[in-house]
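Respectively, the protein sequence lines represent chains E and P.
Per my numbering, residue 1 is the first one in the first sequence, and the count goes up by one each step.
Per my numbering, residue 123 is the first one in the second sequence, and the count goes up by one each step.
Each residue gets a CB set at the ideal place from its N, CA and C atoms; glycine is no exception.
Model, not experiment: these values are computed from the prediction.
Protein chains: 2
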Amino acid sequence: MNNVQHEDVLPEQCNEAILALRDTIDIWGGKWKLMILLYLTINSNNKNYFMEIGRGISGISGKMLSKELKDLEMNKLVKRVVHDTKPITVEYAVTPYGMSFIPVAKALLEWGLSHREHIKQY
Amino acid sequence: MNNVQHEDVLPEQCNEAILALRDTIDIWGGKWKLMILLYLTINSNNKNYFMEIGRGISGISGKMLSKELKDLEMNKLVKRVVHDTKPITVEYAVTPYGMSFIPVAKALLEWGLSHREHIKQY
DNA sequence: GTAACCACTTTCTTATTGGTAACTATATTG
DNA sequence: CAATATAGTTACCAATAAGAAAGTGGTTAC
Numbered sequence: 001m002n003n004v005q006h007e008d009v010l011p012e013q014c015n016e017a018i019l020a021l022r023d024t025i026d027i028w029g030g031k032w033k034l035m036i037l038l039y040l041t042i043n044s045n046n047k048n049y050f051m052e053i054g055r056g057i058s059g060i061s062g063k064m065l066s067k068e069l070k071d072l073e074m075n076k077l078v079k080r081v082v083h084d085t086k087p088i089t090v091e092y093a094v095t096p097y098g099m100s101f102i103p104v105a106k107a108l109l110e111w112g113l114s115h116r117e118h119i120k121q122y
Numbered sequence: 123m124n125n126v127q128h129e130d131v132l133p134e135q136c137n138e139a140i141l142a143l144r145d146t147i148d149i150w151g152g153k154w155k156l157m158i159l160l161y162l163t164i165n166s167n168n169k170n171y172f173m174e175i176g177r178g179i180s181g182i183s184g185k186m187l188s189k190e191l192k193d194l195e196m197n198k199l200v201k202r203v204v205h206d207t208k209p210i211t212v213e214y215a216v217t218p219y220g221m222s223f224i225p226v227a228k229a230l231l232e233w234g235l236s237h238r239e240h241i242k243q244y
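Rendered as structure tokens:
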């Protein structure tokens with residue numbers, strides 16, 4: 001099979017669904033964005049400074065943290081607040097809009113947890 | 123900042139959460155798996171043959187469809203049934219276990235839909 | 001004045017993903 | 001016997017994602 005001709009077999013509703021799914025993937029996809037949301041959410045009682053987040057998320061590089069935070073900020077999911085301290089510190093926090101994704105992230109996480117249980121029993 | 127030393131700032135529960143999230147991403151990540159789940163779910167009244175799925179999902183190549191279906195089958199999320207017809211046909215269907223992800227996929231989809239509404243109003 | 005800390009950015013390189021097109025194998029149709 | 005259909009596989013290539021390392025610019029501590 002080479003690239004298949006698409007002849008709108010599916011209802012309009014389905015194309016919309018596909019686009020919506022892709023949007024979500026575009027916004028939250030990649031290796032680190034969900035981890036950052038998780039970290040920021042769990043540590044929301046503390047101030048989340050750039051270096052702190054980097055230390056908290058095992059394996060992430062400065063470049064990726066910077067890039068992913070910028071992407072999230074662009075989509076208004078995270079807000080960036082610069083504090084005029086001695087060496088400046090920059091705080092990141094999940095916006096109310098970003099929080100609208102938390103139940104979805106939780107669902108993903110919980111499916112992962114139950115999957116781990118599932119494969120333990122073969 | 124170069125690669126940060128990780129000094130378990132987060133509770134054990136959080137590491138588990140991160141692993142679970144990563145599992146889910148590993149299993150359902152990539153460009154096509156969620157689309158395939160969606161397609162198979164919506165069209166579950168019909169028999170889903172290989173070529174049909176290819177025609178139904180706009181833009182997917184035979185190689186990717188084959189690969190993604192194989193991955194999903196390996197994780198017992200989709201089952202593959204060969205029918206001994208004139209030219210053989212192969213039917214794919216979401217397993218009950220695969221169906222356990224449908225509510226999660228729906229949540230992703232619905233967030234995407236509401237996000238489309240959200241950005242329409244700036 | 002040099003070392004250290006914060007918050008990045010830049011450059012270079014590697015790894016992963018995904019796409020195109022051709023090919024295999026079997027079977028039917030005209 | 002050539003064309004078409006099903007269900008893939010294989011080889012090659014381009015694009016993207018991600019990692020490693022070094023550098024920037026400002027401030028402060030010793």
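Per the DSSP secondary-structure output, residue 202 of chain P pairs in a beta bridge with P/214.
Contact fails between the region 40-60 of chain E and the region 111-118 of chain E, because fewer than three Cβ pairs, one in each stretch, are under 8 angstroms apart. Boundaries of the alpha helix (DSSP H) around residue 103 of chain E: 102-120. When DSSP reads this structure, residue 171 of chain P sits in a beta bridge with P/213. For residue 186 of chain P, the closest of P/157, P/147 and P/217 by C-alpha to C-alpha distance is P/157. Note on geometry: alpha-carbon atoms of residue 16 of chain E and residue 151 of chain P lie some 20 angstroms from one another. Neighbours of residue 226 of chain P in chain E, taken as residues at a C-beta separation under 9 angstroms, are given in chain order as 104, 107, 108, 110 and 111. No Cβ-Cβ contact shorter than 8 angstroms links residue 107 of chain E with residue 37 of chain E.
For residue 38 of chain E, the chain P residues whose Cβ falls inside 9 angstroms of its Cβ are 136, 139, 140 and 143, in order along the chain. When the beta-carbon positions are compared, residue 79 of chain E and residue 95 of chain E come within less than 8 angstroms of each other. CA-CA distance, residue 92 of chain E to residue 40 of chain E, rounds to 8 angstroms. Residue environment analysis places residue 88 of chain E among the exposed positions, since fewer than 16 neighbouring C-beta atoms fall within 10 angstroms of its C-beta.
Assignment of residue 25 of chain E by DSSP, reduced to helix, strand and coil, places it in the helix class. In the three-state DSSP reduction, residue 61 of chain E falls in the coil class, being neither helix nor strand.
For residue 41 of chain E, the three-state secondary structure derived from DSSP is helix.
In the three-state reduction of the DSSP assignment, residue 197 of chain P falls in the coil class. Among the residues of chain P, those whose CB is under 8 angstroms from the CB of residue 115 of chain E are 142, 145, 146 and 149, following chain order. Against chain E, the beta carbon of residue 210 of chain P has no neighbour under 8 angstroms; the closest one sits roughly 14 angstroms away. Listed by position along chain E, the residues whose Cβ is nearer than 8 angstroms to that of residue 156 of chain P are 21 and 25.
About 5 angstroms separates the CB atoms of residue 198 of chain P and residue 219 of chain P; that is less than 8 angstroms, so the two are in contact. Residue 59 of chain E and residue 135 of chain P have their C-alpha atoms some 18 angstroms from each other.
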